[in-house]
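In this note's numbering, the protein residues as written are 94 to 479.
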């Protein structure tokens, strides 16, 4: 037996490439087993798959093997370095997109646009959501403003690589506003943002608008409602450098120029409710500790919470029904209202109809690319009081 093993090893030595392959394969198997496992990727800003719990039922249904495959993909050795190497290699080979992000070189640094080629399985969903907004606004006549922010690719079409077959977001926005127009006060920002396209209104490395972009939208909101805008000159803006957003996390563009995140320190009290339970009053509207992490945008309103109430400095009240675009917009409303309610229908299980009755005004604020696929918006279509 020993002689056979020796003979096999001698034969294998005659094929050094094969031998090297097996050494490489076996070595990485061992290294992967010993490599420290992480709960979250800071670079990608997402939780990583953990070892799935084993059960015979999950195994026979092919669920366990699928989850284990995801675990292996998330936890292999030197994962961040390999992803970075892949992104660099593809960039130098001339690839104009990676990780569902399209690269658009610009004099201030490459802009990153979300790759959006079609609505996919949401072809009818976006109009159903528009109808939900219209139905809600009809029941709350005169109270509802509907702000649907366009994606950066709509405003900066000229910066996109030639021939990129992006979906026609313009026509989708037109269709949505047509549905909601009879009942809601529509706030269409497209022309306003094009007029200010040379300003810093969208991040380069993130899918959100900047605080400057949000303020531009807020000024238009105030104009439509006859309100005096938050006076930025009376407050000192704080700028946080080295912000790499979600688009960077997906694409890992090696030469990305970081963004600057701006906020206005305000001491207005905010109470947060999660899953129907009040978590208590926060230390202001900003989670300043998040500014020391990669996910700096989550500092606004302490991230996406189910329901929050902010004490303002104005009069009356407003309820903001929003996605994450509303997080850097909402602090400006403290100049106009005494109470600002903030609800994210993705995380709040309560009765939106009853909540709406408690407020004088309602602002529904979304970005199109979250609006068209968020089924939580359908909650607006159900009058739970009837």
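The C-beta atom is built at its ideal place from N, Cα and C for all residues, glycine as well.
**OP:** Output yes or no for whether 8 Å exceeds the beta carbon distance between residue 194 and residue 205.
**Re:** Against the chain shown, residue 194 aligns to sequence position 101. Against the chain shown, residue 205 aligns to sequence position 112. Yes, they are a contact pair.
Subject >> residue 302 - DSSP class collapsed to helix/strand/coil >> reply: What you label residue 302 is simply residue 209 of the chain shown in a count that begins at 1. Of the three classes helix, strand and coil, the one that applies to residue 302 here is strand, per DSSP.
**OP:** Return the chain-ordered ranges of every alpha helix (DSSP H) run that is complete within the stretch 385 to 460 and spans a minimum of 4 residues.
**Re:** 445 to 449
**OP:** Tell me, to the nearest whole angstrom, how far the beta carbon of residue 238 is from that of residue 280; I am working on the premise that it is less than 8 Å.
**Re:** Within the chain shown, residue 238 is the residue found at index 145, counting from 1. Within the chain shown, residue 280 is the residue found at index 187, counting from 1. Residue 238 to residue 280, Cβ: 6 Å. Contact.
**OP:** Let me know if residue 300 comes out buried or exposed under the rule of 16 or more other beta-carbons within 10 Å of its beta-carbon.
**Re:** In the chain shown, residue 300 corresponds to position 207, counting from 1. By the neighbour-count rule (16 or more Cβ atoms within 10 Å), residue 300 is buried.
Original post:
Taking C-alpha atoms, which residue in 201, 365, 208 and 198 lies nearest to residue 192?
Top reply: Here residue 192 refers to the residue found at position 99 when the chain shown is read from its first residue. Taking only the C-alpha atoms, the option nearest residue 192 is 208.
**OP:** Can you tell me which of the three DSSP states residue 195 falls into?
**Re:** As a working note, residue 195 is residue 102 in the chain shown. If DSSP states are grouped into helix, strand and coil, residue 195 belongs with the strands.
Subject >> Inter-residue spacing [alpha-carbon to alpha-carbon] between residue 330 and residue 310 >> reply: Against the chain shown, residue 330 aligns to sequence position 237. Against the chain shown, residue 310 aligns to sequence position 217. Roughly 18 Å between the two C-alpha positions.
Original post:
Where residue 480 and residue 467 are concerned, what is the direct C-alpha to C-alpha distance, given to the nearest angstrom?
Top reply: Nothing about residue 480 can be read from this structure; the chain reaches only from 94 to 479.
Subject >> Close-in-space but distant-in-sequence residues of the same chain around residue 263 (CB under 7 Å, 5 per side omitted) >> reply: Residue 263 sits at position 170 when you count from the first residue of the chain shown. Answer for residue 263: 247, listed in chain order.
**OP:** Report all residues from its chain with a CB closer than 6 Å to the CB of residue 474; omit the five preceding and five following residues, and keep chain order.
**Re:** If you number the chain shown from 1, residue 474 lands on position 381. Cβ neighbours of residue 474 beyond the five flanking positions: 225 and 228.
Original post:
Are the CB atoms of residue 460 and residue 405 nearer to each other than 8 Å?
Top reply: Position 367 of the chain shown, counted from the start, is the residue given in the question as residue 460. Position 312 of the chain shown, counted from the start, is the residue given in the question as residue 405. No, they are not a contact pair.
**OP:** Please report the residue range of the beta strand (DSSP E) in which residue 325 lies.
**Re:** Counted from its first residue, the chain shown places residue 325 at position 232. Careful: residue 325 lies outside any beta strand (DSSP E) and carries neither H nor E.
Original post:
Whose C-alpha, out of 389, 288, 220 and 243, is nearest the C-alpha of residue 273?
Top reply: The count along the chain shown starts at 1 and reaches residue 273 at position 180. The option with the nearest alpha carbon to residue 273 is 220.
Original post:
Closest to residue 417 by CA distance: which of 425, 284, 393 and 403 is it?
Top reply: The residue you call residue 417 lines up with position 324 of the chain shown. Comparing Cα positions, the closest option is 393.
Subject >> beta strand (DSSP E) segment containing residue 297, residue limits >> reply: Looking up residue 297 in the chain shown gives position 204. Looking at the DSSP string, residue 297 is not in any beta strand (DSSP E), and its letter there is neither H nor E.
Subject >> Closer than 8 Å to chain C by CB, residue 345 >> reply: Going by chain labels, chain C is absent from the structure shown, which holds only one protein chain.
Original post:
Can you tell me the Cα-Cα spacing of residue 431 and residue 413, whole angstroms?
Top reply: For the purposes of this step, residue 431 is identified with residue 338 of the chain shown, where counting begins at 1. For the purposes of this step, residue 413 is identified with residue 320 of the chain shown, where counting begins at 1. Straight-line Cα distance between these residues: approximately 14 Å.
Original post:
Are the Cβ atoms of residue 202 and residue 297 separated by less than 8 Å?
Top reply: Mapped onto the chain shown, residue 202 falls at position 109. Mapped onto the chain shown, residue 297 falls at position 204. Their beta carbons are under 8 Å apart, which means residue 202 touches residue 297 by this criterion.
Subject >> Same chain, Cβ closer than 6 Å to residue 469, neighbours up to 5 away in sequence not counted >> reply: As a working note, residue 469 is residue 376 in the chain shown. For residue 469, where only same-chain residues beyond five positions count, the Cβ hits under 6 Å are 438 and 439.
Original post:
With DSSP run on the structure shown, which of helix, strand or coil describes residue 339?
Top reply: If you number the chain shown from 1, residue 339 lands on position 246. Helix, per DSSP.
**OP:** On the DSSP bridge assignment, give the partners of residue 279 in chain order.
**Re:** Numbered from 1 along the chain shown, position 186 holds the residue referred to as residue 279. Bridge partners of residue 279: 239.
**OP:** Note the first and the last residue of the continuous beta strand (DSSP E) segment covering residue 379.
**Re:** For this step, residue 379 is matched to residue 286 along the chain shown. From DSSP, residue 379 is part of no beta strand (DSSP E); its letter is neither H nor E.
Original post:
Going straight from the alpha carbon of residue 359 to that of residue 267, what length do you get?
Top reply: Residue 359 sits at position 266 when you count from the first residue of the chain shown. Residue 267 sits at position 174 when you count from the first residue of the chain shown. Computed Cα separation, rounded: 36 Å.
**OP:** Consult DSSP for residue 219 and reduce its assignment to one of helix, strand or coil.
**Re:** Your numbering for residue 219 matches position 126 in the chain shown. In this structure, residue 219 counts as helix in the three-state DSSP scheme.
Original post:
For residue 467, does the three-state DSSP call read helix, strand or coil?
Top reply: Residue 467 sits at position 374 when you count from the first residue of the chain shown. Residue 467: coil per DSSP, three-state reduction.
Original post:
Does the beta-carbon distance from residue 189 to residue 258 come in below 8 Å?
Top reply: Position 96 of the chain shown, counting from 1, holds the residue named residue 189. Position 165 of the chain shown, counting from 1, holds the residue named residue 258. The answer is no: Cβ separation not under 8 Å.
Subject >> Where residue 148 sits in the DSSP three-state scheme >> reply: Taking the first residue of the chain shown as position 1, residue 148 is located at position 55. Note: residue 148 maps to coil in three-state DSSP.
Original post:
Quick one: what's got a C-beta closer than 7 Å to residue 306's C-beta in the same chain, skipping five residues either side?
Top reply: If you number the chain shown from 1, residue 306 lands on position 213. The residues are 294 and 295.
**OP:** Note down the Cα distance separating residue 395 from residue 318, rounded to an integer number of angstroms.
**Re:** Indexing the chain shown from 1 puts residue 395 at position 302. Indexing the chain shown from 1 puts residue 318 at position 225. Cα to Cα, the separation comes out at about 27 Å.
Original post:
On the three-pair Cβ rule with 8 Å, is the stretch 280 to 292 touching the stretch 231 to 245?
Top reply: yes
Original post:
I think residue 528 touches residue 233, with their Cβ atoms under 8 Å apart; what is that distance to the nearest whole Å?
Top reply: Only positions 94 to 479 of the chain appear in the structure, and residue 528 is not among them; the question remains open.
**OP:** Below 8 Å on the Cβ atoms is my guess for residue 410 versus residue 453; work out the distance and round it to an integer in Å.
**Re:** Walking along the chain shown from the start, residue 410 turns up at place 317. Walking along the chain shown from the start, residue 453 turns up at place 360. With a Cβ gap of about 5 Å, residue 410 and residue 453 count as contacting.
Original post:
In whole angstroms, what is the alpha-carbon distance linking residue 457 and residue 337?
Top reply: In the chain shown, residue 457 corresponds to position 364, counting from 1. In the chain shown, residue 337 corresponds to position 244, counting from 1. Going from the Cα of residue 457 to the Cα of residue 337 covers about 28 Å.
Original post:
Quick one: what's residue 352 bridged to in DSSP?
Top reply: Translated into positions along the chain shown, residue 352 becomes position 259. According to DSSP, which records beta bridges pairwise, residue 352 is partnered with 336.
**OP:** Please determine, among 355, 343, 433 and 364, the residue with the shortest C-alpha to C-alpha distance to residue 196.
**Re:** In the chain shown, counting from the first residue as 1, residue 196 sits at position 103. Of the listed residues, the one whose Cα sits closest to residue 196 is 343.
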